[in-house]
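Residue numbers (our numbering), protein chains in the order written: chain A, 1 to 152; chain B, 1 to 281.
C-beta: ideal position from N, C-alpha, C; glycine also.
Comments concern the structure below.
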């Protein structure tokens, strides 16, 4: 399934790019992420606990960053699996400067398989977008937090 | 499949139920039409299930000056067949009659459905068009929210851990108001690919009042304010319905692509407005 969208982060492009590369920030911004550790060059191990409505799934997998072109963007590859199914995501993030803020555009392909895809097909699209929205909301909050810190 | 082991409680009062839910870990069982299938597939593995079926005072339909009060445990069938609702809030009764199948309507409850907050559920379209209120109880406080504030996002409501929906309040329609719910069913599940609820009243030859709620199209049901204002100012159903999916990011799945869904929203909005207008008198 193809997904794309645009979000605006209220800090400049260089700092937005840095924010997106910071494993601590990513760990806090990814919904349900409770563990993200560097295991190799540009490769992270992650664990996520997703709770959406009554469904709860524990996923473990890898996050990889490739094709970096700072501060324009990079490619993000996420793979995870758990008892309820597996997911694979491969997307391109592009940062465009809007002077004091930055527009982040994402475009990618998500595959979901296993039990969760079998019974939840009609919800994959909505849920994926819901999770991406949450990610950017938290990223924006992180950016706002950094701005406040800088101002103090 | 058989669900994983879980603790099971059947509280006999609302107070007892809220005490059991206070730690925010337990899962509430109402009609079980969403939770039980998920538990059987082991997609939901709650450690503790609190069954509300023995809690009294949560399955009523009664009318007073504030409107019609519907207890959270009222089943879809009870809503569909209620003489009070049929007479004074036919939109909700009509909407309930479109949910799932007979078995689901006999077991499933309005409180369970709104708390689950499936983006393709039928009630949200009608409850938004009706500007309904949701009564919520927690261990330490009670509160009332408008349904539009209650509905946060896909499977997300304003319910805090430990809180329960106790009642939905809908207005008793003034005479002269016409309403309609039009829906395209997903053939296997009965969920709405698109569902549109409309309420209309005429005044002085024009349109006096319009409310439109749309479900199934986006990540949550929404009020179609543009449709409402265009119909009110021009009276042109076609023009108004064309704005049904304006500014909305439509869902896409195997049954319907985003473009097709957005198109359906316009078609079903026109049908709902037409029928609602034909029912005004």
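Checklist entry - Where do the ends of the alpha helix (DSSP H) carrying residue 237 (chain B) lie? => result Position 237 of the second chain, counting from 1, holds the residue named residue 237 (chain B). From DSSP, the alpha helix (DSSP H) with residue 237 (chain B) extends over 237 to 241.
Next on the checklist: Excluding the 5 residues flanking residue 163 (chain B) on each side, which residues of the same chain have their C-beta closer than 6 Å to its C-beta?
Outcome noted: Along the second chain, one-based indexing puts residue 163 (chain B) at 163. Closer than 6 Å at the Cβ level, and outside the excluded window around residue 163 (chain B), lie 136 and 138.
Checklist entry - Between residue 19 (chain A) and the rest of its own chain, which residues show a CB-CB distance below 8 Å, the 5 nearest in sequence each way excluded? => result For the purposes of this step, residue 19 (chain A) is taken as the residue at position 19 of the first chain. For residue 19 (chain A), where only same-chain residues beyond five positions count, the Cβ hits under 8 Å are 9, 11, 25, 139, 142, 143 and 146.
Checklist entry - Can you find a C-beta in chain A that's less than 8 Å from the C-beta of residue 109 (chain B)? => result In the second chain, counting from the first residue as 1, residue 109 (chain B) sits at position 109. With 8 Å as the cut-off, residue 109 (chain B) does not count as an interface residue toward chain A.
Item to check | Contact list for residue 147 (chain B) against chain A, beta-carbon separation under 9 Å | outcome: Your numbering for residue 147 (chain B) matches position 147 in the second chain. Under the 9 Å cutoff, chain A gives no residues; its nearest Cβ is about 18 Å from residue 147 (chain B).
Checklist entry - Given a threshold of 16 other Cβ atoms within 10 Å of its Cβ, counted over all protein chains shown, does residue 251 (chain B) qualify as buried or as exposed? => result What you label residue 251 (chain B) is simply residue 251 of the second chain in a count that begins at 1. Per the 10 Å Cβ criterion, buried.
Next on the checklist: As an exercise, report each continuous alpha helix (DSSP H) stretch of at least 4 residues that is fully enclosed by the stretch 102 to 159 of chain B, in chain order.
Outcome noted: 102 to 107, 110 to 116, 123 to 129 and 147 to 150
Checklist entry - What residue range is occupied by the uninterrupted alpha helix (DSSP H) comprising residue 252 (chain B)? => result Within the second chain, numbered from 1, the residue matching residue 252 (chain B) stands at position 252. Run containing residue 252 (chain B): none; DSSP gives neither H nor E here.
Checklist entry - residue 130 (chain A) touches chain B at which residues, Cβ-Cβ below 7 Å? => result Numbered from 1 along the first chain, position 130 holds the residue referred to as residue 130 (chain A). Correct list: 153, 154 and 219.
Next on the checklist: So the candidates are A:131, A:122, A:92 and A:85; which of them puts its Cα closest to the Cα of residue 115 (chain A)?
Outcome noted: The count along the first chain starts at 1 and reaches residue 115 (chain A) at position 115. The candidate whose alpha carbon is nearest that of residue 115 (chain A) is A:85.
Next on the checklist: Considering Cα atoms alone, identify which of A:57, A:128 and A:148 is closest to residue 4 (chain A).
Outcome noted: Sequence index remark: in the first chain, residue 4 (chain A) carries index 4 (1-based). Among A:57, A:128 and A:148, the Cα nearest to that of residue 4 (chain A) is on A:128.
Checklist entry - So, are the CB atoms of residue 107 (chain A) and residue 91 (chain A) less than 8 Å apart? => result Position 107 of the first chain holds residue 107 (chain A). Position 91 of the first chain holds residue 91 (chain A). For residue 107 (chain A) and residue 91 (chain A), yes; Cβs fall inside 8 Å.
Checklist entry - Of all the options A:66, A:131 and A:96, which has the alpha carbon lying nearest to the alpha carbon of residue 42 (chain A)? => result Sequence index remark: in the first chain, residue 42 (chain A) carries index 42 (1-based). Considering only alpha carbons, the answer is A:66.
Item to check | C-beta atoms of residue 269 (chain B) and residue 200 (chain B) nearer than 8 Å | outcome: Start at 1 with the first residue of the second chain, and residue 269 (chain B) comes out as number 269. Start at 1 with the first residue of the second chain, and residue 200 (chain B) comes out as number 200. Not in contact: residue 269 (chain B) and residue 200 (chain B) (Cβ atoms no closer than 8 Å).
Checklist entry - Taking Cβ-Cβ distances below 8 Å as the criterion, which residues of the stretch 237 to 255 of chain B are in contact with chain A? => result 249, 251, 252, 253, 254 and 255
Checklist entry - Whole alpha helix (DSSP H) runs in the stretch 4 to 30 of chain A with 4 or more residues, listed along the chain? => result 13 to 21 and 23 to 29
Checklist entry - So what does DSSP say about residue 27 (chain B), is it helix, strand or coil? => result In the second chain, counting from the first residue as 1, residue 27 (chain B) sits at position 27. Here residue 27 (chain B) sits in strand by DSSP.
Checklist entry - Is the Cβ-Cβ distance between residue 82 (chain A) and residue 101 (chain A) less than 8 Å? => result Taking the first chain and counting its residues from 1, the one referred to as residue 82 (chain A) is at position 82. Taking the first chain and counting its residues from 1, the one referred to as residue 101 (chain A) is at position 101. In this structure, residue 101 (chain A) does not lie closer than 8 Å to residue 82 (chain A) by Cβ.
Item to check | CA-to-CA distance, residue 237 (chain B) to residue 157 (chain B), given in whole angstroms | outcome: Here residue 157 (chain B) corresponds to residue number 157 of the second chain, with the count starting at 1. Here residue 237 (chain B) corresponds to residue number 237 of the second chain, with the count starting at 1. Looking at the two C-alpha atoms, the distance is approximately 32 Å.
Next on the checklist: Short of 8 Å in beta carbon distance, which residues of its chain neighbour residue 119 (chain B), apart from the five on each side in sequence? Order them along the chain.
Outcome noted: Position 119 of the second chain, counting from 1, holds the residue named residue 119 (chain B). Excluding sequence neighbours, residue 119 (chain B) sits near 154, 155, 215, 216, 218, 219, 220, 221 and 251.
Next on the checklist: At a CB distance below 8 Å, what residues from the stretch 77 to 96 of chain A approach chain B? Give them in sequence order.
Outcome noted: 83 and 84
Checklist entry - Secondary structure at residue 13 (chain B), three-state DSSP: helix, strand or coil? => result Mapped onto the second chain, residue 13 (chain B) falls at position 13. DSSP places residue 13 (chain B) in coil when its eight states are reduced to three.
Next on the checklist: Give me the chain A residues within the contact set of residue 27 (chain B), using Cβ-Cβ distance strictly less than 7 Å, ordered along the chain.
Outcome noted: Here residue 27 (chain B) refers to the residue found at position 27 when the second chain is read from its first residue. Going along chain A in sequence order, the residues near residue 27 (chain B) (Cβ under 7 Å) are 54.
Item to check | residue 244 (chain B) beta carbon less than 8 Å from that of residue 276 (chain B) | outcome: Your numbering for residue 276 (chain B) matches position 276 in the second chain. Your numbering for residue 244 (chain B) matches position 244 in the second chain. Result no, Cβ atoms of residue 276 (chain B) and residue 244 (chain B) do not sit closer than 8 Å.
Next on the checklist: Would you say residue 134 (chain B) lies against chain A (beta-carbon separation less than 8 Å)?
Outcome noted: For the purposes of this step, residue 134 (chain B) is taken as the residue at position 134 of the second chain. Residue 134 (chain B) does not count as touching chain A.
Checklist entry - Can a CB atom of chain B be found closer than 8 Å to the CB of residue 121 (chain A)? => result In the first chain, counting from the first residue as 1, residue 121 (chain A) sits at position 121. Yes, because at least one Cβ of chain B sits closer than 8 Å to the Cβ of residue 121 (chain A).
Next on the checklist: Please classify residue 254 (chain B) as buried or exposed, where buried requires at least 16 neighbouring CB atoms within 10 angstroms.
Outcome noted: Here residue 254 (chain B) refers to the residue found at position 254 when the second chain is read from its first residue. By the neighbour-count rule (16 or more Cβ atoms within 10 Å), residue 254 (chain B) is not buried but exposed.
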